[in-house]
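Novice:
There are 2 protein chains.
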Amino acid sequence: MELSFVEENYLKAIYQLELENPSGVSTTALAEKTKTKPASVSDMLKKLAQKELIFYKKYQGAKLSKSGLQAALLVIRKHRLWEVFLVKHLSFAWDEVHEVAEQLEHIKSNLLIKRLDQFLGYPKEDPHGDPIPNENGEIIEIPKILLSDFTTGKKAQISAVKESSPLFLQYLDKIKAGIGSNIIIQERIAFDNSLEILLDDRTLYISEEVAKNIYVTED
Amino acid sequence: MELSFVEENYLKAIYQLELENPSGVSTTALAEKTKTKPASVSDMLKKLAQKELIFYKKYQGAKLSKSGLQAALLVIRKHRLWEVFLVKHLSFAWDEVHEVAEQLEHIKSNLLIKRLDQFLGYPKEDPHGDPIPNENGEIIEIPKILLSDFTTGKKAQISAVKESSPLFLQYLDKIKAGIGSNIIIQERIAFDNSLEILLDDRTLYISEEVAKNIYVTED
DNA sequence: ATATTTTTTTAGACAAGCCTAAAACTTAAA
DNA sequence: TTTAAGTTTTAGGCTTGTCTAAAAAAATAT
Ligand SMILES: [Mn+2]
Ligand SMILES: [Mn+2]
Ligand SMILES: [Mn+2]
Ligand SMILES: [Mn+2]
Numbered sequence: 001m002e003l004s005f006v007e008e009n010y011l012k013a014i015y016q017l018e019l020e021n022p023s024g025v026s027t028t029a030l031a032e033k034t035k036t037k038p039a040s041v042s043d044m045l046k047k048l049a050q051k052e053l054i055f056y057k058k059y060q061g062a063k064l065s066k067s068g069l070q071a072a073l074l075v076i077r078k079h080r081l082w083e084v085f086l087v088k089h090l091s092f093a094w095d096e097v098h099e100v101a102e103q104l105e106h107i108k109s110n111l112l113i114k115r116l117d118q119f120l121g122y123p124k125e126d127p128h129g130d131p132i133p134n135e136n137g138e139i140i141e142i143p144k145i146l147l148s149d150f151t152t153g154k155k156a157q158i159s160a161v162k163e164s165s166p167l168f169l170q171y172l173d174k175i176k177a178g179i180g181s182n183i184i185i186q187e188r189i190a191f192d193n194s195l196e197i198l199l200d201d202r203t204l205y206i207s208e209e210v211a212k213n214i215y216v217t218e219d
Numbered sequence: 220m221e222l223s224f225v226e227e228n229y230l231k232a233i234y235q236l237e238l239e240n241p242s243g244v245s246t247t248a249l250a251e252k253t254k255t256k257p258a259s260v261s262d263m264l265k266k267l268a269q270k271e272l273i274f275y276k277k278y279q280g281a282k283l284s285k286s287g288l289q290a291a292l293l294v295i296r297k298h299r300l301w302e303v304f305l306v307k308h309l310s311f312a313w314d315e316v317h318e319v320a321e322q323l324e325h326i327k328s329n330l331l332i333k334r335l336d337q338f339l340g341y342p343k344e345d346p347h348g349d350p351i352p353n354e355n356g357e358i359i360e361i362p363k364i365l366l367s368d369f370t371t372g373k374k375a376q377i378s379a380v381k382e383s384s385p386l387f388l389q390y391l392d393k394i395k396a397g398i399g400s401n402i403i404i405q406e407r408i409a410f411d412n413s414l415e416i417l418l419d420d421r422t423l424y425i426s427e428e429v430a431k432n433i434y435v436t437e438d
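Read top to bottom, the protein sequences are chains E and Y. Numbering-wise (my numbering), the first sequence opens with residue 1 and increments by one. Numbering-wise (my numbering), the second sequence opens with residue 220 and increments by one.
(1) Using a Cβ-Cβ cutoff of less than 8 Å, which residues in the same chain neighbour E:Lys174 once the five nearest sequence positions on both sides are dropped?
(2) Would you check if the distance between the CB atom of E:Ile214 and the CB atom of E:Ile158 is smaller than 8 Å?
(3) Tell me, please, whether the segment 138-156 of chain E touches the segment 174-194 of chain E by the rule of three or more beta-carbon pairs shorter than 8 Å.
(4) Taking Cβ positions only, does Y:Glu315 come closer than 8 Å to chain E?
(5) Could you work out which residues of chain E lie near Y:His298, taking near to mean beta carbons separated by less than 9 Å?
(6) Determine the extent of the beta strand (DSSP E) in which E:Gln50 is found, giving its start and end residues.
(7) State the Cα-Cα distance for the pair E:Leu112 and E:Ala62, rounded to the nearest angstrom.
(8) Thinking just about the alpha-carbon of each residue, which of Y:Phe224, Y:Glu437 and Y:Thr436 is nearest to the one in Y:Lys327?
(9) Select from E:Glu8, E:Tyr205 and E:Ile14 the residue whose C-alpha is nearest the C-alpha of E:Tyr171.
(10) Flag this pair as yes or no: are the beta carbons of E:Val100 and E:Leu86 separated by less than 8 Å?
(11) Could you round the C-beta distance between E:Ala71 and E:Leu90 to whole angstroms and report it? I think they count as a contact, below 8 Å.
(12) Using a Cβ-Cβ cut-off of 8 Å, state whether Y:Phe338 counts as contacting chain E.
(13) Is there a Cβ from chain Y that is less than 8 Å from the Cβ of E:Ile107?
(14) The beta strand (DSSP E) that contains Y:Ser378, what's its start and end?
(15) In this structure, what does DSSP give as the bridge partners for Y:Val244?
(16) Output the distance between the C-alpha atoms of Y:Val435 and Y:Leu365, rounded to the nearest integer angstrom.
(17) So which residues on chain E does Y:Val319 lean against when the C-beta distance must stay under 9 Å?
(18) Does the distance from the C-beta atom of Y:Ile346 to that of Y:Ile359 stay below 8 Å?
(19) How is E:Glu138 classed by DSSP in three states: helix, strand or coil?
(20) Around ligand 1, which residues pass a check of Cβ closer than 6 Å to any of its heavy atoms?
(21) Output the distance between the C-alpha atoms of Y:Glu437 and Y:Asp368, rounded to the nearest integer angstrom.
(22) Which residues in the same chain as E:Ala211 place their Cβ atom closer than 6 Å to its Cβ, once the five residues preceding and following it in sequence are excluded?
(23) In chain E, which residues lie less than 7 Å from Y:Arg407 when you measure between Cβ atoms?
(24) Could you work out which residues of chain Y lie near E:Gln170, taking near to mean beta carbons separated by less than 9 Å?
(25) Ligand 4 and Y:Asp345: does the residue's C-beta get closer than 7 Å to at least one heavy atom of that ligand?
(26) Kindly indicate if chain Y contains any beta-carbon less than 8 Å away from that of E:Leu3.
(27) Would you mind working out which of E:Glu125, E:Gly178 and E:Asn9 sits nearest E:Thr34, comparing C-alpha positions?
(28) Terminal residues of the continuous beta strand (DSSP E) containing E:Phe55?
(29) Short of 8 Å Cβ to Cβ, which residues in the segment 154-168 of chain E face chain Y?
(30) Against Y:Leu335, what residues of chain E qualify as contacts under a CB-to-CB distance less than 8 Å, listed in chain order?
(31) Since E:Arg77 sits in a beta bridge, which residues does DSSP pair it with?
(32) Kindly indicate which three-state DSSP category E:Ile179 falls into: helix, strand or coil?
(33) For E:Tyr220, which three-state DSSP category applies?
(34) Which chain E residues are close to Y:Leu323, counting only those with a beta carbon under 7 Å from its beta carbon?
(35) In terms of residue numbering, what span does the alpha helix (DSSP H) encompassing E:Ile107 cover?
This is the structure in structure tokens:
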């Protein structure tokens, strides 16, 4: 079944929201994510349900079906492969890729994505540390812990970022925090939940907001 | 001014038809090229004229304005750069690239196209021998002679193809004719205007139809 | 349990691009 | 020069995806 640009974006948005809220995705949340109004979302949910891409009963939120999930993951696969291409081969910074990848992810050509994957050397992760689904739409979600939830004193590495807005990523560049950086929480400041951290042997302070958008894996 | 996907395609189509018919492009020709109906073209011409991308008076055909020409050439630039990328880096055959490039040409990002150009080493021509416009939308149309119009007995090289459908390009692959191949017309067969040619030292026969879709430059 | 607030859906409209059928204009033929 | 044929435009409609306003349902508070 041939999906439109817009349908693909809705499926992707449902996938992302379902990760945070596995019980079902609400109309308002989806409207916010897709930058539309709830009324528009209602229309689209009806349409996607009719195409059996989602499970949906009035007033009860939406969930991806098998085929909807597959479609969403193939779009995400393309998005992330293009991000790798832009960073590795066109010297884009990691905060510059998302907007372009939002367009490139809708290009329809199986050959293209196959050859791109090959050209890139079958990468497993995108520049933000997110896993790249395989050609069957299967993904291995790596267990990630938010830095804000991590144990004080233990060694860890930055494995991904939750937020990937240019402003946030530029801030991380500024403090020289990237995927793979070593990190230890030295102290939690009770006053504002900010953290004193050791980042690749440099001591610095980061806000709770920042810590809530960095994923780490134990070393 | 932000152009839609569809508007970009119309401008490109007008550009291509204007090359063959500099006096102005007819509604029916444009409908054929864009695979729409003349009625739809009339609507769009009105819209493009209103945006000052074309000159257009009812019943009198269309011509690109300065800004319309620029816009068309920037789309063509992107199309051709992507074709080079697909052939040189993703090992696409020259008959497989056009369809994908039709999609990629509409991706909007100045940075992307700049970096792609750099990555490719600032190519001057696409895989079909067509010149790539520069970043200002300027193009140097190389003087090309159709093989069917070329002098018998003179040495020449294949410099471009007019038609670039997969079927035609696959036929050229089959007879091992590519951009840069050496070619001499040995004899014109009066009966059907077919040609006996010497192609890189092999003698073979090609139809008039084929000869009308190959451009050569004198050696 | 009832009332109030919030969320979701429906109703009705609109823009972009497309279509068919009919009218208007242009060109070619008689 | 009138008629016929071909081309182009207009009129009216359709689809996709969006919106605002109003109605309906669900969640929350009294
Ligand atoms: Mn992204
Ligand atoms: Mn990413
Ligand atoms: Mn092409
Ligand atoms: Mn080409």
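C-beta atoms are modelled at their ideal positions from N, C-alpha and C, and glycine is treated no differently. These figures come from a predicted structure and were not determined experimentally.
Specialist: Let me lay it out:
(1) For the purposes of this step, residue 174 of chain E is taken as residue 174 along the first sequence, with counting starting at 1. Same-chain partners within the cutoff: there are none.
(2) In the first sequence, counting from the first residue as 1, residue 214 of chain E sits at position 214. In the first sequence, counting from the first residue as 1, residue 158 of chain E sits at position 158. Yes.
(3) By the Cβ test, the segment 138-156 of chain E is in contact with the segment 174-194 of chain E, since at least three Cβ pairs between them sit closer than 8 Å.
(4) For the purposes of this step, residue 315 of chain Y is taken as the residue at position 96 of the second sequence. So, interface residue.
(5) Taking the first residue of the second sequence as 1, we reach residue 298 of chain Y at position 79. For the C-beta of Y:His298, not a single chain E residue is nearer than 9 Å; the gap to the nearest is close to 13 Å.
(6) Along the first sequence, one-based indexing puts residue 50 of chain E at 50. Note, E:Gln50: premise wrong, no beta strand (DSSP E); alpha helix (DSSP H) at Pro38 to Gln50.
(7) In the first sequence, counting from the first residue as 1, residue 112 of chain E sits at position 112. In the first sequence, counting from the first residue as 1, residue 62 of chain E sits at position 62. Looking at the two C-alpha atoms, the distance is approximately 31 Å.
(8) Residue numbering aside, residue 327 of chain Y sits at position 108 when the second sequence is read from its first letter. Comparing Cα-Cα distances from Y:Lys327 to each of Y:Phe224, Y:Glu437 and Y:Thr436, the minimum goes to Y:Phe224.
(9) For the purposes of this step, residue 171 of chain E is taken as the residue at position 171 of the first sequence. It is E:Tyr205.
(10) Working through the first sequence from its first residue, we reach residue 100 of chain E at position 100. Working through the first sequence from its first residue, we reach residue 86 of chain E at position 86. Contact: yes.
(11) In the first sequence, counting from the first residue as 1, residue 71 of chain E sits at position 71. In the first sequence, counting from the first residue as 1, residue 90 of chain E sits at position 90. E:Ala71 to E:Leu90, Cβ: 27 Å. No contact.
(12) By one-based count along the second sequence, residue 338 of chain Y stands at place 119. At least one chain E Cβ lies under 8 Å of Y:Phe338.
(13) In the first sequence, counting from the first residue as 1, residue 107 of chain E sits at position 107. For E:Ile107, at least one C-beta of chain Y is nearer than 8 Å to its own C-beta.
(14) Position 159 of the second sequence holds residue 378 of chain Y. Note, Y:Ser378: beta strand (DSSP E), Lys374 to Val380.
(15) For the purposes of this step, residue 244 of chain Y is identified with residue 25 of the second sequence, where counting begins at 1. Y:Val244 pairs with Y:Ala281.
(16) Locating residue 435 of chain Y in the second sequence gives position 216, where the first residue counts as 1. Locating residue 365 of chain Y in the second sequence gives position 146, where the first residue counts as 1. Straight-line Cα distance between these residues: approximately 6 Å.
(17) Sequence index remark: in the second sequence, residue 319 of chain Y carries index 100 (1-based). Within 9 Å Cβ-Cβ: Ile107, Lys108, Ser109, Leu111 and Leu112.
(18) Here the question's residue 346 of chain Y lines up with position 127 in the second sequence. Here the question's residue 359 of chain Y lines up with position 140 in the second sequence. A small correction: the amino acid at residue 346 of chain Y is Pro; Ile does not occupy that position in the sequence shown. Taking C-beta atoms as the reference points, Y:Pro346 and Y:Ile359 fail to come closer than 8 Å.
(19) Against the first sequence, residue 138 of chain E aligns to sequence position 138. Coil at E:Glu138, not helix or strand.
(20) Counting every residue whose Cβ lies closer than 6 Å to a heavy atom of ligand 1, we get E:His79, E:Glu83, E:His98, E:Ala101 and E:Ser164.
(21) Locating residue 437 of chain Y in the second sequence gives position 218, where the first residue counts as 1. Locating residue 368 of chain Y in the second sequence gives position 149, where the first residue counts as 1. So the two alpha carbons sit approximately 12 Å from each other.
(22) Here the question's residue 211 of chain E lines up with position 211 in the first sequence. Cβ neighbours of E:Ala211 beyond the five flanking positions: Leu147, Ser148 and Leu195.
(23) Counting from 1 along the second sequence, the entry for residue 407 of chain Y is found at position 188. The contacting residues do not exist; Y:Arg407 stays about 40 Å from chain E at best.
(24) Sequence index remark: in the first sequence, residue 170 of chain E carries index 170 (1-based). Contacts between E:Gln170 and chain Y, judged by CB atoms closer than 9 Å, are missing: the closest CB pair is about 15 Å apart.
(25) By one-based count along the second sequence, residue 345 of chain Y stands at place 126. Yes, the beta carbon of Y:Asp345 sits closer than 7 Å to at least one heavy atom of ligand 4.
(26) Within the first sequence, residue 3 of chain E is the residue found at index 3, counting from 1. By this cut-off, E:Leu3 is not an interface position.
(27) For this step, residue 34 of chain E is matched to residue 34 along the first sequence. When E:Glu125, E:Gly178 and E:Asn9 are compared, the shortest CA-CA separation from E:Thr34 is found for E:Asn9.
(28) Against the first sequence, residue 55 of chain E aligns to sequence position 55. For E:Phe55, the uninterrupted beta strand (DSSP E) segment begins and ends at Ile54 to Tyr56.
(29) Taking 8 Å as the Cβ-Cβ cut-off against chain Y, none of the residues of the segment 154-168 of chain E qualify.
(30) Counted from its first residue, the second sequence places residue 335 of chain Y at position 116. Under the 8 Å cutoff, chain E gives Leu90.
(31) What you label residue 77 of chain E is simply residue 77 of the first sequence in a count that begins at 1. In the DSSP output, where bridge partners are listed per residue, E:Arg77 has none listed.
(32) As a first step, residue 179 of chain E must be located in the first sequence, where it is residue number 179. DSSP places E:Ile179 in coil when its eight states are reduced to three.
(33) Nothing can be reported for residue 220 of chain E, as the shown portion of chain E is limited to 1 through 219.
(34) Looking up residue 323 of chain Y in the second sequence gives position 104. Those within 7 Å of Y:Leu323 in chain E are Ile107.
(35) Mapped onto the first sequence, residue 107 of chain E falls at position 107. Unbroken run through E:Ile107: none, as it is neither H nor E.
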